[in-house]
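Per numbering that gives the first Met the number 0, the very first residue in the sequence shown carries number 0; after that it's consecutive.
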Amino acid sequence: MNRKGGPRRKSRQKLTGKIRKRGKINIRGFFQSFKEGDKVQLVADSSYQRGMFPLRFYGKMGVVKSKQGRAYYVAITDQNKEKSVIVHPIHLKKI
Numbered sequence: 000m001n002r003k004g005g006p007r008r009k010s011r012q013k014l015t016g017k018i019r020k021r022g023k024i025n026i027r028g029f030f031q032s033f034k035e036g037d038k039v040q041l042v043a044d045s046s047y048q049r050g051m052f053p054l055r056f057y058g059k060m061g062v063v064k065s066k067q068g069r070a071y072y073v074a075i076t077d078q079n080k081e082k083s084v085i086v087h088p089i090h091l092k093k094i
């Protein structure tokens, strides 16, 4: 049986940004920095696809573990399992 849909299936509401936020990417969000132990929320910015996490984790809370290049290594819990994602800072929101 064939697989139904790809990794962006059913993601229109998640990737459609607010009307006032459309256009160029936010420079402050692009260059924001976090420390180890900071709590962050995963919120995808669809205007920049690099370093985007799997959209099933959209809206999840996580803790920054370390920096990896320009991106951050974030630990999240998914149904009582700890998982790790490497995310660009434009897709992170500090809590």
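From the three backbone atoms N, C-alpha and C, an ideal C-beta is built for every residue, glycine too.
{"Asked": "DSSP three-state assignment for K20, whether helix, strand or coil", "Found": "helix"}
{"Asked": "Whole-Å CB distance - S45 paired with L14, under 8 Å assumed", "Found": "4 Å"}
{"Asked": "Q40, enclosing beta strand (DSSP E) - first and last residue", "Found": "K38 to L41"}
{"Asked": "Buried versus exposed, by CB contacts within 10 Å (16 or more), I75", "Found": "buried"}
{"Asked": "Length of the line joining the Cα atoms of V39 and R21", "Found": "22 Å"}
{"Asked": "Opening and closing residue of the beta strand (DSSP E) in which L91 lies", "Found": "L91 to K93"}
{"Asked": "Straight-line gap, I85 to R27 (C-alpha atoms, nearest Å)", "Found": "19 Å"}
{"Asked": "CB contact flag (Y47, F29, <9 Å)", "Found": "yes"}
{"Asked": "Residue from I24, F56, K66 and A43 with nearest C-alpha to K82", "Found": "F56"}
{"Asked": "Check whether P53 and P6 have beta carbons under 9 Å apart", "Found": "yes"}
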